[in-house]
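Peer 1:
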Amino acid sequence: MTSLTPGARFRKALAAHHPLPIVGAINAYSAMMAQAVGHHALYLSGGGVANASHGLPDLGMTTLNDVVEDARRITAAAELPLLVDIDTGWGGALNIARTIREMERAGVAAVHLEDQVAQKRCGHRPNKEIVSQAEMVDRVKAAVDARHDADFYLVARTDAFQKEGLAAAVERANACVEAGADAIFAEAVHTLDDYRAFCEGVDAPILANITEFGATPLFTQQELAEVGCRMVLYPLSAFRAMNAAALTVYRDIHAKGHQRDVVELMQTRDELYEFLDYHAYERKLDALFAKESDRGE
Ligand SMILES: C[C@](O)(C(=O)O)[C@H](CC(=O)O)C(=O)O
Ligand SMILES: [Mg+2]
Numbered sequence: 001m002t003s004l005t006p007g008a009r010f011r012k013a014l015a016a017h018h019p020l021p022i023v024g025a026i027n028a029y030s031a032m033m034a035q036a037v038g039h040h041a042l043y044l045s046g047g048g049v050a051n052a053s054h055g056l057p058d059l060g061m062t063t064l065n066d067v068v069e070d071a072r073r074i075t076a077a078a079e080l081p082l083l084v085d086i087d088t089g090w091g092g093a094l095n096i097a098r099t100i101r102e103m104e105r106a107g108v109a110a111v112h113l114e115d116q117v118a119q120k121r122c123g124h125r126p127n128k129e130i131v132s133q134a135e136m137v138d139r140v141k142a143a144v145d146a147r148h149d150a151d152f153y154l155v156a157r158t159d160a161f162q163k164e165g166l167a168a169a170v171e172r173a174n175a176c177v178e179a180g181a182d183a184i185f186a187e188a189v190h191t192l193d194d195y196r197a198f199c200e201g202v203d204a205p206i207l208a209n210i211t212e213f214g215a216t217p218l219f220t221q222q223e224l225a226e227v228g229c230r231m232v233l234y235p236l237s238a239f240r241a242m243n244a245a246a247l248t249v250y251r252d253i254h255a256k257g258h259q260r261d262v263v264e265l266m267q268t269r270d271e272l273y274e275f276l277d278y279h280a281y282e283r284k285l286d287a288l289f290a291k292e293s294d295r296g297e
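Residue 43 in the UniProt record's numbering sits at position 43 of the sequence shown, and the numbers go up by one each step.
In structure tokens:
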């Protein structure tokens with residue numbers, strides 16, 4: 001246990017790792033597995049909340065409540081600092097302020113707030129629309145002003161690269177930093193040189209989103225560190241792998257009438273119990289019952 005606030009724990013992890021890998025945890029149990037294998041920071045994907053918890057596409061259809069509920073489940077199950085995708089903040093300045101307060105209350109360490117229009121898209125899809133730089137700066141100011149814990153970490157995401165190019169995106173990133181953002185999420189850039197330009201042109205840590213099947217090649221942490229990136233995000237990697245495994249299992253059972261050929265794909269009961277610390281709970285239960293029966297005799 002630690003007395004540091006979630007935001008302070010995020011900052012500590014960032015200071016200790018160059019770059020800091022941040023892995024997506026689609027639910028509480030995934031967060032526990034990521035923590036158990038030694039990761040230092042977790043992520044809750046907005047696309048993931050939409051897809052996994054609601055069966056919806058990543059098109060701005062989920063709400064603050066949807067995301068904060070999933071965030072709370074993760075912060076209750078894992079100690080690691082959690083970065084949460086708050087999309088566009090779900091409204092104007094007052095809504096953004098409420099979003100930040102709710103995230104802090106949920107034990108979240110960090111959020112990223114983006115400059116797409118409310119009817120947003122996945123950052124790696126074509127035809128994204130962004131708000132003006134002035135409007136994005138107002139969003140950032142509203143978020144900065146709302147935080148209670150000065151260590152709560154605010155990442156401003158810009159989707160400007162696709163439509164306006166590198167120079168405009170870097171300029172926008174700098175405006176966000178001036179408005180108080182702690183770091184910049186440079187979304188859907190294409191090359192290591194693009195990342196280098198962000199890192200050299202912006203006086204704040206840069207986050208690289210290394211999501212699969214998108215516009216950004218799967219650069220390694222070493223490659224990204226060499227050009228100056230400070231955080232590397234894997235938003236949906238484990239989720240995509242779980243989905244592929246689950247689909248294979250559903251198909252096999254449907255086709256064959258048994259699951260014998262896919263048991264190898266599965267995590268065993270022992271492994272599950274290990275991550276959950278199941279036996280400690282059972283021992284506690286046994287001890288409680290023992291005491292009760294002692295009293296009864
Ligand atoms: C990071 C992201 O915002 C997310 O919601 O996880 C997505 C990821 C993805 O769709 O692959 C994004 O990059 O827009
Ligand atoms: Mg998202």
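Note that CB positions come from ideal geometry on N, CA and C, so glycine has one too.
What is the DSSP secondary structure of A16, reduced to helix, strand or coil?
Peer 2: Of the three classes helix, strand and coil, the one that applies to A16 here is helix, per DSSP.
Peer 1: Between which two residues does the beta strand (DSSP E) holding H112 run?
Peer 2: Per DSSP, H112 belongs to the beta strand (DSSP E) from A110 to E114.
Peer 1: Assuming A50 contacts T62 (C-beta within less than 8 Å), just tell me the rounded distance between them.
Peer 2: Contact holds; Cβ gap of about 5 Å.
Peer 1: For ligand 2, any of its heavy atoms closer than 7 Å to the Cβ of D277?
Peer 2: D277: no, Cβ never under 7 Å from ligand 2.
Peer 1: Quick check on this structure: which residue in E102, Q35 and V23 has the alpha carbon closest to the alpha carbon of R240?
Peer 2: Measuring from the Cα of R240, the nearest candidate turns out to be V23.
Peer 1: Determine the direct distance from the alpha carbon of G92 to that of P19, and round the result to whole angstroms.
Peer 2: Cα to Cα, the separation comes out at about 33 Å.
Peer 1: Less than 8 Å between the C-beta atoms of G89 and L113, yes or no?
Peer 2: Contact: yes.
Peer 1: Secondary structure at R251, three-state DSSP: helix, strand or coil?
Peer 2: DSSP places R251 in helix when its eight states are reduced to three.
Peer 1: Name the DSSP bridge partner or partners of A186?
Peer 2: In the DSSP output, where bridge partners are listed per residue, A186 has T158 and A208.
Peer 1: Ligand 2 and D66: does the residue's C-beta get closer than 7 Å to at least one heavy atom of that ligand?
Peer 2: No.
Peer 1: Helix or strand or just coil, what does DSSP make of M61?
Peer 2: DSSP places M61 in coil when its eight states are reduced to three.
Peer 1: Measuring only from the beta carbon, is residue 315 closer than 7 Å to any heavy atom that is part of ligand 2?
Peer 2: Given a span of 1 to 297 for the chain in the structure shown, any question on residue 315 remains unanswerable.
Peer 1: For the beta strand (DSSP E) containing V84, name the first residue and the last one.
Peer 2: Its beta strand (DSSP E) spans residues L82 to D85.
Peer 1: Counting C-beta neighbours from all protein chains within 10 Å, is the total for A76 16 or more, i.e. buried, or is it exposed?
Peer 2: Exposed.
Peer 1: Please check the pair G214 and A188, which I expect to be a contact at CB under 8 Å, by giving their CB distance rounded to whole angstroms.
Peer 2: Contact holds; Cβ gap of about 7 Å.
Peer 1: V37: buried (16+ other C-beta within 10 angstroms of its C-beta) or exposed?
Peer 2: V37 comes out exposed.
Peer 1: Could you give the DSSP three-state label for P235: helix, strand or coil?
Peer 2: DSSP places P235 in coil when its eight states are reduced to three.
Peer 1: Relative to ligand 2, what is the chain-ordered list of residues with a Cβ closer than 5 Å to any of its non-hydrogen atoms?
Peer 2: Output, sorted by chain position: G46, G47 and D85.
Peer 1: Skipping 5 residues on each side, what residues in its chain have a beta carbon closer than 7 Å to that of L265?
Peer 2: Answer for L265: A245, T248 and V249, listed in chain order.
Peer 1: Tell me the rounded alpha-carbon separation between I86 and A290.
Peer 2: In a straight line, the C-alpha of I86 is about 47 Å away from that of A290.
Peer 1: Which residues share a DSSP beta bridge with G24?
Peer 2: Its beta-bridge partners are Y43.
Peer 1: Three or more beta-carbon pairs under 8 Å between the stretch 1-13 and the stretch 216-225, yes or no?
Peer 2: Result no; under three Cβ-Cβ pairs closer than 8 Å.
Peer 1: Excluding sequence positions up to five away, which residues of its chain have a Cβ less than 7 Å from the Cβ of E104?
Peer 2: Taken in chain order, the residues that qualify are R147, H148, D149 and F152.
Peer 1: Apart from the five residues just before and just after D159, which ones in its own chain have a Cβ nearer than 8 Å to its Cβ?
Peer 2: Once the five neighbours on either side are set aside, the close Cβ partners of D159 are E114, D115, Q116, G123, K128, I130, E187 and A188.
Peer 1: Given A183, which residues of its chain have a CB within under 8 Å of its CB, disregarding the five upstream and five downstream residues?
Peer 2: So the list reads Y153, L154, V155, A156, A204, P205, I206, L207, R230 and M231, once near-sequence residues are dropped.
Peer 1: What does a CB cutoff of less than 8 Å around Q259 pick up in its chain, not counting 5 residues either side in sequence?
Peer 2: V249, D252 and I253, listed in sequence order.
Peer 1: Check the C-beta distance from L218 over to S45 and give it rounded, since I have them as a contact under 8 Å.
Peer 2: Contact doesn't hold; Cβ gap of about 17 Å is too wide.
Peer 1: What's the C-alpha gap between N27 and G7?
Peer 2: Taking the straight line joining both Cα atoms gives about 20 Å.
Peer 1: Name the one or two DSSP bridge partners that Y153 has.
Peer 2: A110.
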